[in-house]
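Chains as they are written, first to last, in my numbering: chain A, 944 to 1051; chain L, 30 to 694.
In structure tokens:
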């Protein structure tokens, strides 16, 4: 049974939901809309193979990127708000550093 | 291109429907085309996002780039749109594109036989584009536009099965509740503009540093300059209180979008949407947008002296802690597998807000990062279970699925252990949650205590879910089966970062073992002002781990070993606390009561009063009476005698001449 069965519900389905509703969780009341799934892409089709391959490649690339990230031992200088520090000595800016040095340092 | 391609894919699919009719969606070739367009667009975005992240990781000098384009210019006002890429943005781009890509792959299996397959992909693409646009926005106005677009996509996707009454009601509820929050957000943006317009170049009210050739100034400098010049005072007439007010109004947006109390009520009902949507929108990305907004607009939430001891951040932390605890207590007694996870999402988002609220900026964002992976995986696992059990969502009718759904069960176990902060071995949730708990404890032991207690509750309800679904005897009627490869492959892919992301990005040997403050790799890359450096507080680590282990132990005794008869002692007795949790703290009843007993009667009485007294009596009847009365008086002046008219004219000429004489002398 698949997803359209949820909408193509028959009476058995409805009764099952009625019992389910009796537990007071949520209602599954819905109209009986006859829906046709149309032409279904088969399992193990080339589309499936392509997507599985994409999934494997994507996670490999992500882990490589996180491997690079893992090697950062010192601040990169790109943190949000750090520019405020850089501007402190700049006469063209009237602003003082908006964030004091200790604000995110917690002595845990 | 990262933002534009998903929009292109989404509009291309929708345009095809508009041009050729809905029957096109039933064709296999069109389904394949829609899937390829949508997945291809997000895959290209994913590769670009990785390239950006890799570039920022390896070449710190590249850090931070923004480009603004004037969109609307008039005499005193300029509105720009553009894109901003810095470390915070790059990490969010990777999260959004990774989860979106894997969810779209999973969708192919989950929605394979749904007649709305192609339509679903079009909505997914539109959502992905909107979410990515929100992430790269350079100013609050632009962000607000994308904020609303993700809200619309969420509405469309929750109500995807619109012929179900419950889905139609849920999408409406989500839309209305989010409008409440967004109203405050919009007022906050407008007030912020009013307060800082003297310093605002029109472009970068949100962003980080002024770029050469642009007139924008960064948010922190804008606010500091405005405060120093006391410009906030005359503009808004309440100097010291204006910024917290603005910050809190802006925070109303994240409260609704990230389902924080009291605007959380839409999220559990949003589970009426297809499960891939629950994983993408209502677990990993859109609900995290609120956290991202607070992080991005962090200067607005700071105290005037730039410290994190501000009213606004205190409120953020308090709301987060309350929601974390409340949602965890509700999740203890729910029976719908997706709703348990939805309440868990509310709770974990609360952790993130506490992190930001207590100044542990990096920790809050790290939890967003790790949570996105393991919560998306948990939702996809729940979808696999629902699919494998022919749409059964009630965990009382599950059980014993470890064998027939072994891969799903392993992935679910990894996600459960991760969100519970399982310490042996430490998974991703252990590292990110521990940082927040430690920071909260040092800010306020009450906050820290609530989070530790919540950690115990989290472990309990997640392992309750796991034991009830995957262990014991099967209590359902249909035969369970494992999902196809295209559905479990994304689960396995997400299990990898759920296992190792914490250790890879959250562990620093120096801070853990050498008693020297140091930042972890994530904190070294994403931080506000300065990296979050700490010596790990082992007391807190042990406290939160013990709380989690107690939760796991109790769940084990109740639902696996069954040494405690939970049903006899608690469920059947229907005690007040149990009912309080089961009925979700009666929030829905409270809102219904307020609306039906207070707001509607008051509005009803008000409009009736206004209508009957002001409109009917004063405006309508009053006008006619006035006309009648004046007619009655004036009719005596119409005598028809020429001498009388001449006398009146003479009289008024004399009066005017006399007045003229008085004014000239």
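For glycine and all other residues, C-beta sits at the position ideal for the given N, C-alpha and C. Just so we're clear, the structure is a prediction, and the values are computed from it rather than from any experiment.
- Ranking 272/L, 167/L and 497/L by CA distance to the CA of residue 425/L puts 497/L first.
- Going by C-alpha positions, residue 120/L is about 48 Å away from residue 631/L.
- Contact check for residue 330/L against residue 341/L passes: the beta carbons are separated by less than 8 Å.
- Against chain A, the CB of residue 75/L has a partner CB under 8 Å away; the residue lies at that interface.
- Per DSSP, residue 544/L lies in no alpha helix (DSSP H) segment and is marked neither H nor E.
- For residue 434/L, no chain A residue has a Cβ inside 8 Å of its Cβ, as the nearest lies near 16 Å away.
- For residue 54/L, at least one C-beta of chain A is nearer than 8 Å to its own C-beta.
- For residue 661/L, the three-state secondary structure derived from DSSP is helix.
- Secondary structure note for residue 634/L: it is in no beta strand (DSSP E), and the uninterrupted alpha helix (DSSP H) holding it is 629-638.
- Close partners of residue 396/L in chain A (Cβ separation under 7 Å) are lacking, with about 15 Å as the shortest Cβ gap.
- Taking C-alpha positions only, residue 538/L is separated from residue 462/L by approximately 18 Å.
- Residue 307/L and residue 297/L have their C-alpha atoms some 10 Å from each other.
- The Cβ neighbour count for residue 605/L, taken over all protein chains shown within 10 Å, is under 16; the residue is labelled exposed.
- In this structure the region 396-404 of chain L lies against the region 527-534 of chain L, because at least three pairs of beta carbons, one per stretch, are closer than 8 Å.
- In the three-state reduction of the DSSP assignment, residue 105/L falls in the coil class, being assigned neither a helical nor a strand state.
- Distances from the alpha-carbon of residue 310/L to those of 132/L, 49/L and 519/L put 132/L closest.
- Note on geometry: alpha-carbon atoms of residue 51/L and residue 181/L lie some 21 Å from one another.
- Going by DSSP, residue 148/L is part of the alpha helix (DSSP H) stretching over 146-165.
- Residues of chain A with a Cβ closer than 9 Å to the Cβ of residue 134/L are, in chain order, 994, 995, 997, 998 and 1001.
- Per DSSP, the beta-bridge partners of residue 95/L are 113/L.
- The distance from the Cβ of residue 577/L to that of residue 450/L is about 5 Å, consistent with a contact at the 8 Å cut-off.
- Judged by beta-carbon spacing, residue 345/L lies within the 8 Å limit of residue 386/L, meaning their Cβ atoms are closer than that value.
- The alpha-carbon of residue 586/L is positioned some 11 Å away from that of residue 492/L.
- The alpha helix (DSSP H) runs of length 4 or more contained entirely in the region 300-334 of chain L are, from start to end of the chain, 304-308, 315-325 and 327-330.
- Between residue 411/L and residue 301/L, the C-beta gap is not smaller than 8 Å, which leaves the two residues out of contact.
- For residue 174/L, the enclosing alpha helix (DSSP H) covers residues 169-187.
- In the DSSP assignment, residue 559/L is bridged to 557/L.
- CA-to-CA, the gap between residue 603/L and residue 597/L works out to about 10 Å.
- The Cβ atoms of residue 108/L and residue 98/L do not sit closer than 8 Å to each other.
- Under the criterion of beta carbons closer than 8 Å, residue 382/L and residue 551/L do not qualify as touching, at roughly 18 Å.
- Residue state for residue 566/L is assigned as coil, using DSSP reduced to three classes.
- Contacts with chain A at 8 Å (Cβ-Cβ) do not include residue 649/L.
- At the C-beta level, residue 70/L and residue 154/L come within 8 Å of one another.
- The beta-carbon separation of residue 359/L and residue 613/L, rounded to 5 Å, stays under the 8 Å limit for a contact.
- Using a Cβ-Cβ cut-off of 8 Å, residue 522/L is close to 998, 999, 1001 and 1002 of chain A, given in chain order.
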